[in-house]
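For reference, the structure discussed in these notes is given below.
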Amino acid sequence: MSRETLNTQFWKACKILRQDDNTNSLLDYVEQISWLLFLKCFEELEEKQRAEAEFEAREYQPVLTAKFQWSAWTDPKRRLTGRDLIAFLSDDLFPYLRDLKGNSARSVIRGVFADAPSKMLKDGAILRDAIDAIQEVQFDTAEDVHTLSHLYESLLAKLGREGGFGGEFYTPRPVIEFIVQLVSPKLGETVYDPAMGSAGFLVEAHRHIRAARGDRILPKHDKQLQEKTFHGQEKKALPYLMGCMNMILHGVFSSNLTRRNTLGDDVRKFTEKDRFDVILTNPPFGGTEHGSVTSNFPYPSKATSITFLQHIMKKVRRGGRVGMVIDEGVLFKATENAYVQTKKELLEQFNLWAIVSLPAGVFANAVATGTGPKTNLLFFNRDLDQAGNPVGTKEVWYYDAQAVGFSLTKTQRPIPENDLPDCLEKAGTRAVSDRSWLVPVEDIVERNYDLSAVNPNARAAVEHRSPAAIAADIAGKEQRILEIMEEIQDLLAPEGNGQEDEE
5 MSRETLNTQF WKACKILRQD DNTNSLLDYV EQISWLLFLK CFEELEEKQR AEAEFEAREY
65 QPVLTAKFQW SAWTDPKRRL TGRDLIAFLS DDLFPYLRDL KGNSARSVIR GVFADAPSKM
125 LKDGAILRDA IDAIQEVQFD TAEDVHTLSH LYESLLAKLG REGGFGGEFY TPRPVIEFIV
185 QLVSPKLGET VYDPAMGSAG FLVEAHRHIR AARGDRILPK HDKQLQEKTF HGQEKKALPY
245 LMGCMNMILH GVFSSNLTRR NTLGDDVRKF TEKDRFDVIL TNPPFGGTEH GSVTSNFPYP
305 SKATSITFLQ HIMKKVRRGG RVGMVIDEGV LFKATENAYV QTKKELLEQF NLWAIVSLPA
365 GVFANAVATG TGPKTNLLFF NRDLDQAGNP VGTKEVWYYD AQAVGFSLTK TQRPIPENDL
425 PDCLEKAGTR AVSDRSWLVP VEDIVERNYD LSAVNPNARA AVEHRSPAAI AADIAGKEQR
485 ILEIMEEIQD LLAPEGNGQE DEE
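The sequence shown maps to residues 5 to 507 in my numbering.
Okay, structure coming up:
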């Protein structure tokens, strides 16, 4: 199938879905195209597995019974449409998928459709037209799948830019690529994202591993990548659906992607077999959890950012590596016990070898208006000495990234200015420059574990700064003020009045 035809059919299906009265936003039709593509793509995978079983003279047991397979209920000759189509989906297909029992593939499908789609289309004729368009989308060749994966990623990027949902669905690709390159997962290692969203980090890790091996990927390696390498958890239904779909389009159908509240796990009960070699993630910032969840952590807090950091510290294997996005508040808070104790343990039990400060505006899509939260990238390893004791942090290498290759607005249009390649080059030797510096751990302890990136090498001379740079600086200071105000409010709030908030 030509790239032009596939592109035309994909966007044609999206355009048709937008005509329904129940697709009032970009998010709505992204959800609809996701579950439709998921079921079509899954049937293609089943056909491949059936063919392999026949070649090996094995019996193949389909995951879905015949009447619920994509080709059965979308059959052009039968042409189920209108109210009959909506009734079949509501009364038969979705209840069946939500009640699947048995092997790991069925558990993934059950998780995907447990609460998705969140709303049904009103017009079965519109849905039928969309199905007819999707029927023309083929997965016959690797080039077809590659093209479709890029189309789907562009849709997720559009959702990230315009949807106002931020990192929950989409972390900007330059940021993901930078983190994955710096951590550099290898074939044979396990890779985990505890807040996988649309699985951008896992997809990029898969790309990175395959690119590093080149044509030396053997069938046994493919099996390892499919079954053992990638692990993820996601709390919410729609991001989970998108994450599974994104992984399938990039060649991985993993039963190790689960839908559950990561923070519901008691971190004290983790053993080495529960841990991972590499953790890559952008956990939700600004969210809170119910008080019942805080008992799962040694340093209780309702703030998701600090509890996710505790979870990650307990989930990384001996000798493992972590690269993650974190909001500015976690770095500078130096009075609340959960923040201080978590950072104290991070420095004493792990080698926090780098912090990269990102400019305000990288996550402008995380809020309806404004530049979004100021964020940083943390890189730390769980190193051990020859006696098996933890190797703590001696000094932290900081890098002040002021440009990341795209505009610091919701449009995120590409721009030539980009400090990330320079950061990547200097990180290997932790070189000192006007953008990078080293801070001894003793200085951080003296500041009561304030990890804020304050560049001592910034030029003292007065410069004529651009309006955009001034606005970004003001936004960063505003974010810090808001964090401090929240901290004061928490201290003043009476006990027992906490309520559960949505992330």
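For each residue, glycine too, the CB sits at the ideal point set by N, CA and C.
Quantities reported herein were computed from a predicted structural model and do not represent experimental measurements.
Could you pull the DSSP bridge partners for Ala358 from this structure? Ala358 is bridged to Phe383 and Trp401.
Extent of the continuous alpha helix (DSSP H) run through Thr194: Looking at the DSSP string, Thr194 is not in any alpha helix (DSSP H), and its letter there is neither H nor E.
Taking C-beta to C-beta, are Thr285 and Asp197 nearer than 8 Å? For the pair Thr285 and Asp197, the CB atoms are nearer than the 8 Å cut-off.
For Leu40: DSSP bridge partner residues: Answer is none; Leu40 lacks a bridge partner.
Consult DSSP for His235 and reduce its assignment to one of helix, strand or coil. Judged by DSSP in its simplified three-state form, His235 adopts strand.
Suppose you measure from the CA of Ala307 to the CA of Thr194; what does that come to, to the nearest Å? Their Cα atoms are separated by approximately 28 Å.
Express the C-alpha separation of Pro66 and Glu58 in angstroms, rounding to a whole number. A direct Cα-to-Cα measurement between Glu58 and Pro66 gives close to 13 Å.
Expressed to the nearest angstrom, what Euclidean distance is found between the alpha-carbon atoms of Ser75 and Asp127? Roughly 21 Å between the two C-alpha positions.
Output needed for Pro418: all residues of its chain with C-beta closer than 6 Å, excluding positions within five of it in sequence on either side, in chain order. In chain order, Phe410 place their CB closer than 6 Å to the CB of Pro418, counting only its own chain and leaving out the 5 sequence neighbours on each side.
Skipping 5 residues on each side, what residues in its chain have a beta carbon closer than 8 Å to that of Gly247? Cβ neighbours of Gly247 beyond the five flanking positions: Met200, Gly201, Ser202, Ala203, Leu206, Gly236, Glu238 and Leu261.
Which residue marks the beginning of the alpha helix (DSSP H) containing Pro420, and which one marks its end? Unbroken run through Pro420 is the beta strand (DSSP E), Pro418 to Asn422; no alpha helix (DSSP H).
Please report the residue range of the beta strand (DSSP E) in which Ser440 lies. Annotation: the continuous beta strand (DSSP E) that includes Ser440 extends over Ser440 to Pro444.
Where the alpha helix (DSSP H) through Ile20 begins and ends: Element bounds for Ile20: Arg7 to Leu21.
Are Asp269 and Asn300 touching if we call contact CB-CB under 8 Å? Yes, they are a contact pair.
If you follow the beta strand (DSSP E) that Leu261 is part of, which residue opens it and which one closes it? For Leu261, the uninterrupted beta strand (DSSP E) run begins and ends at Leu261 to Arg263, by DSSP.
Please list, in chain order, all residues of the same chain as Ala465 whose beta carbon is under 6 Å from its beta carbon, the five residues on each side excluded. With a pLDDT of 39 at Ala465, under the threshold of 50, the modelled position of that residue is not reliable, and no figure is offered here.
Can you tell me whether Ala70 is helix, strand or coil according to DSSP? Of the three classes helix, strand and coil, the one that applies to Ala70 here is helix, per DSSP.
Give a yes or no on whether the C-beta atoms belonging to Gln13 and Glu157 are separated by under 8 Å. Their beta carbons are not under 8 Å apart, which means Gln13 does not touch Glu157 by this criterion.
Between which two residues does the alpha helix (DSSP H) holding Asp281 run? Bounds of any alpha helix (DSSP H) do not take in Asp281; it lies within the beta strand (DSSP E) bounded by Phe280 to Thr285.
Return the CA-CA distance between Glu349 and Pro460, expressed in angstroms with no decimal places. Taking C-alpha positions only, Glu349 is separated from Pro460 by approximately 26 Å.
Would Lys162 and Leu30 qualify as a contact pair, given that the criterion is a beta-carbon distance under 8 Å? With respect to the 8 Å criterion, Lys162 and Leu30 are classified as neighbours on the basis of their beta carbons.
To the nearest angstrom, report how far apart Thr298 and Asn341 are at their CA atoms. Near 13 Å, if we compare the C-alpha coordinates of Asn341 and Thr298.
From what residue to what residue does the beta strand (DSSP E) around Ile330 run? Counting along the chain, the beta strand (DSSP E) containing Ile330 begins and ends at Val320 to Asp331.
At which residues does the beta strand (DSSP E) containing Val408 begin and terminate? Its beta strand (DSSP E) spans residues Val408 to Phe410.
Can you tell me whether DSSP reads Ala307 as helix, strand or coil? In this structure, Ala307 counts as strand in the three-state DSSP scheme.
Give the single residue among Ala61, Phe274 and Leu160 whose Cα lies nearest to the Cα of Arg177. It is Leu160 whose Cα lies nearest to the Cα of Arg177.
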